[in-house]
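Have a look at the structure below, then the notes.
In the working numbering, the protein residues as written are 2 to 304.
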């Protein structure tokens, strides 16, 4: 059964306390909603120093999803990891699910992120850093690469780090949504995104339905971390470790659980519609800029 409350459609099975009745985000377009255009099975590969990752964006099946360049789910235990390597021209988002990762760079920044923490790093004009498991447990998480517009590719490097307890969230008895970036209901993320983006970590219990809003201009995806749910206007099944590409320009996506619970991230961003020229850890808009990145790196200009 559905009820209207303060302009929001609420499914009775998802109701917790009276204060948590904002279960659906709806609008005039909520009767339509986005569909799923493609389902991607991640490819396992070796990266860094003996680290095995499961890549869904950045493969032959899905080279890019403008503005997103790469998505990895990683499970890494020392001594494997990602020793010193450079970046230029984009941002990396590391979101930890389990375990700990230690980060160090050539500018003197270092730190450890753990379960539920996020590091949103703007590589900008250039940085050299390492990311290694911290302690004896497996470091498990997601890493997303977000492209920067040509005008932003040479900005100064910057970090935004949030521990789990400081990430804003919306909760009821049937769901929880951590708002890393963007907005869900009246909860707004703390991360500033140079390329306008949203990043939601959503957990739903069985028998619940959510309808998160997405800017009509954004392109995006859902990546299922665990469990199973139905997504989009066509009720496409999404299971653990699958990536689902969002289609269309509607301003919402229907997410529904049946017998299973589900945890997934919903990520979307503003397409840049600029040339993407990538060579390893450098992402620019021309071959000449890539060559310049190599020259700058080799001559020590990333410091």
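We put the beta carbon where it would ideally sit given N, CA and C, even for glycine.
Integer Cβ distance of residue i from residue j, believed to fall under 8 Å
{"i": "residue 87", "j": "residue 114", "result": "Not a contact, Cβ separation roughly 20 Å."}
{"i": "residue 156", "j": "residue 210", "result": "That belief does not hold up - the Cβ atoms of residue 156 and residue 210 are roughly 40 Å apart, past 8 Å."}
{"i": "residue 235", "j": "residue 41", "result": "Rounded, the Cβ-Cβ distance is 17 Å, inconsistent with contact."}
{"i": "residue 237", "j": "residue 231", "result": "7 Å"}
{"i": "residue 131", "j": "residue 167", "result": "Their Cβ separation, rounded to whole angstroms, is 25 Å, which puts residue 131 and residue 167 out of contact at 8 Å."}
Contacts around residue i, its chain only, beta-carbon distance under 7 Å, and the 5 residues preceding and following it disregarded
{"i": "residue 120", "result": "95, 104, 114, 160 and 162"}
{"i": "residue 61", "result": "none"}
{"i": "residue 151", "result": "275 and 286"}
{"i": "residue 188", "result": "169, 170, 171 and 180"}
{"i": "residue 47", "result": "53"}
{"i": "residue 240", "result": "225 and 229"}
Whole-angstrom distance between residue j and residue i, CA atom to CA atom
{"i": "residue 183", "j": "residue 262", "result": "24 Å"}
{"i": "residue 280", "j": "residue 98", "result": "29 Å"}
{"i": "residue 172", "j": "residue 269", "result": "21 Å"}
{"i": "residue 192", "j": "residue 123", "result": "12 Å"}
{"i": "residue 169", "j": "residue 195", "result": "19 Å"}
{"i": "residue 145", "j": "residue 56", "result": "10 Å"}
{"i": "residue 89", "j": "residue 288", "result": "14 Å"}
{"i": "residue 127", "j": "residue 300", "result": "12 Å"}
{"i": "residue 176", "j": "residue 153", "result": "36 Å"}
{"i": "residue 214", "j": "residue 302", "result": "42 Å"}
{"i": "residue 117", "j": "residue 138", "result": "15 Å"}
{"i": "residue 282", "j": "residue 185", "result": "32 Å"}
{"i": "residue 110", "j": "residue 64", "result": "31 Å"}
{"i": "residue 197", "j": "residue 125", "result": "16 Å"}
{"i": "residue 221", "j": "residue 247", "result": "6 Å"}
{"i": "residue 72", "j": "residue 228", "result": "19 Å"}
N-terminal and C-terminal residue of the alpha helix (DSSP H) that residue i is part of
{"i": "residue 85", "result": "Element bounds for residue 85: not the alpha helix (DSSP H) but the beta strand (DSSP E), 83-88."}
{"i": "residue 293", "result": "288-299"}
Three-state class that DSSP yields for residue i in the structure shown
{"i": "residue 275", "result": "coil"}
{"i": "residue 302", "result": "coil"}
{"i": "residue 173", "result": "coil"}
{"i": "residue 240", "result": "strand"}
{"i": "residue 1", "result": "One cannot answer for residue 1 here, as it falls past the ends of the chain, which runs 2 to 304."}
{"i": "residue 104", "result": "strand"}
{"i": "residue 216", "result": "coil"}
{"i": "residue 137", "result": "coil"}
{"i": "residue 142", "result": "strand"}
{"i": "residue 156", "result": "coil"}
{"i": "residue 380", "result": "The requested residue 380 does not occur in the structure, where the chain is confined to residues 2 to 304."}
{"i": "residue 182", "result": "strand"}
Proximal residues to residue i (C-beta, below 8 Å), its chain only, five neighbours per side dropped
{"i": "residue 134", "result": "77, 78, 79, 81, 82, 100, 101, 102, 103 and 140"}
{"i": "residue 207", "result": "258, 259, 260, 261 and 262"}
{"i": "residue 266", "result": "96, 143, 200, 201, 202, 203, 223, 224 and 226"}
{"i": "residue 70", "result": "58, 59, 91, 146, 147, 148, 277, 279 and 284"}
{"i": "residue 28", "result": "For residue 28, the pLDDT reaches just 37, beneath the cut-off of 50, and the residue's location in the model is therefore unreliable, although a value from the coordinates is still provided. Excluding sequence neighbours, residue 28 sits near 214, 252 and 253."}
N-terminal and C-terminal residue of the beta strand (DSSP E) that residue i is part of
{"i": "residue 264", "result": "263-270"}
{"i": "residue 77", "result": "69-77"}
{"i": "residue 258", "result": "First-last for residue 258: undefined, no H or E at that position."}
{"i": "residue 232", "result": "220-232"}
{"i": "residue 149", "result": "Careful: residue 149 lies outside any beta strand (DSSP E) and carries neither H nor E."}
{"i": "residue 134", "result": "128-134"}
{"i": "residue 54", "result": "52-58"}
{"i": "residue 92", "result": "91-99"}
{"i": "residue 198", "result": "198-205"}
{"i": "residue 45", "result": "44-48"}
{"i": "residue 39", "result": "36-41"}
{"i": "residue 123", "result": "119-123"}
{"i": "residue 109", "result": "Per DSSP, residue 109 belongs to no beta strand (DSSP E) and is neither H nor E."}
{"i": "residue 284", "result": "283-285"}
Any non-hydrogen atom of the ligand SAM within 8 Å of residue i CB
{"i": "residue 193", "result": "Among the components modelled here there is no ligand, and therefore nothing to report on the ligand SAM."}
6 Å CB neighbourhood of residue i in its chain, flanking five on each side removed
{"i": "residue 39", "result": "246"}
{"i": "residue 33", "result": "251"}
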